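One structure below.
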Amino acid sequence: MDIFSLIFLSIALAMDAFAVSLCKGFSVKKLNIKHYLLVGVYFGGFQALMPLLGYIIGIEFEPFVREIDHWIAFILLAFIGIKMIKESFENKSCENIANEFNFKTMLSLAIATSIDAFAIGVSFAFLQVNLLLALFLIGFITFILCIFALKIGNQFGVYLSSKAELLGGGVLILLGVKILIQHLFFD
139 MDIFSLIFLS
149 IALAMDAFAV
159 SLCKGFSVKK
169 LNIKHYLLVG
179 VYFGGFQALM
189 PLLGYIIGIE
199 FEPFVREIDH
209 WIAFILLAFI
219 GIKMIKESFE
229 NKSCENIANE
239 FNFKTMLSLA
249 IATSIDAFAI
259 GVSFAFLQVN
269 LLLALFLIGF
279 ITFILCIFAL
289 KIGNQFGVYL
299 SSKAELLGGG
309 VLILLGVKIL
319 IQHLFFD
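This is the structure:
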């Protein structure tokens, strides 16, 4: 996977955490450096960790699915993309996202927003991916976007949260199609 695809993938994967960070920002009257660091480290850290765990599991199955690996990557990306697009149209509010920044709250939100990254990590096992670069980009981009989202949510509200999920879902579907076409016609 080339660097541009990894960057777009990283941005797309960050959209769930971005949307939650918007809500977290909206729920806090006055932000401080601790809020920014907690959001960035939890979401960025888990977005980088989960693909690694997915990769470790996926690599165990790679010899058995080598002939259809591109289809698996396409199906995973398309499924996650469609799920994100569907969720972007659901009427969600920030009320169910606690305004607390304690360990339990942040851990549960970080895990919930990084499940998609786990599935993407499984697909990494079947693709030619520089794993360390991918993990770094996913974690770093999520960290940065969540910090910005926290501030945006605090200043302007949560209007962008559903748009972020819609954009992220579309990017994942396009990456899945790119991988499939590349393997079917150019490998």
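Per this note's numbering, the very first residue in the sequence shown carries number 139; after that it's consecutive. Note that CB positions come from ideal geometry on N, CA and C, so glycine has one too. Keep in mind it's a predicted model, so treat the numbers as computed, not measured.
Counted within 10 angstroms of its Cβ, other Cβ atoms place residue i as buried (16 or more) or exposed
i           : result
residue 203 : exposed
residue 292 : buried
residue 241 : exposed
residue 185 : buried
residue 264 : buried
residue 258 : buried
residue 145 : exposed
Straight-line Cα distance separating residue j from residue i
i           : j           : result
residue 329 : residue 227 : Any answer about residue 329 is impossible in this case: the structure gives the chain only from 139 up to 325.
residue 168 : residue 261 : 40 Å
residue 198 : residue 191 : 12 Å
residue 189 : residue 256 : 4 Å
residue 187 : residue 249 : 10 Å
residue 289 : residue 246 : 21 Å
residue 212 : residue 272 : 18 Å
residue 154 : residue 161 : 11 Å
residue 142 : residue 151 : 14 Å
residue 311 : residue 304 : 11 Å
residue 171 : residue 177 : 10 Å
residue 181 : residue 223 : 20 Å
residue 165 : residue 147 : 28 Å
Reduced DSSP secondary structure (H/G/I, E/B, other) of residue i
i           : result
residue 308 : helix
residue 265 : coil
residue 168 : coil
residue 295 : coil
residue 225 : helix
residue 239 : coil
residue 278 : helix
residue 212 : helix
residue 256 : helix
residue 217 : helix
residue 324 : coil
Endpoints, alpha helix (DSSP H) assigned at residue i
i           : result
residue 179 : 171–203
residue 158 : 141–165
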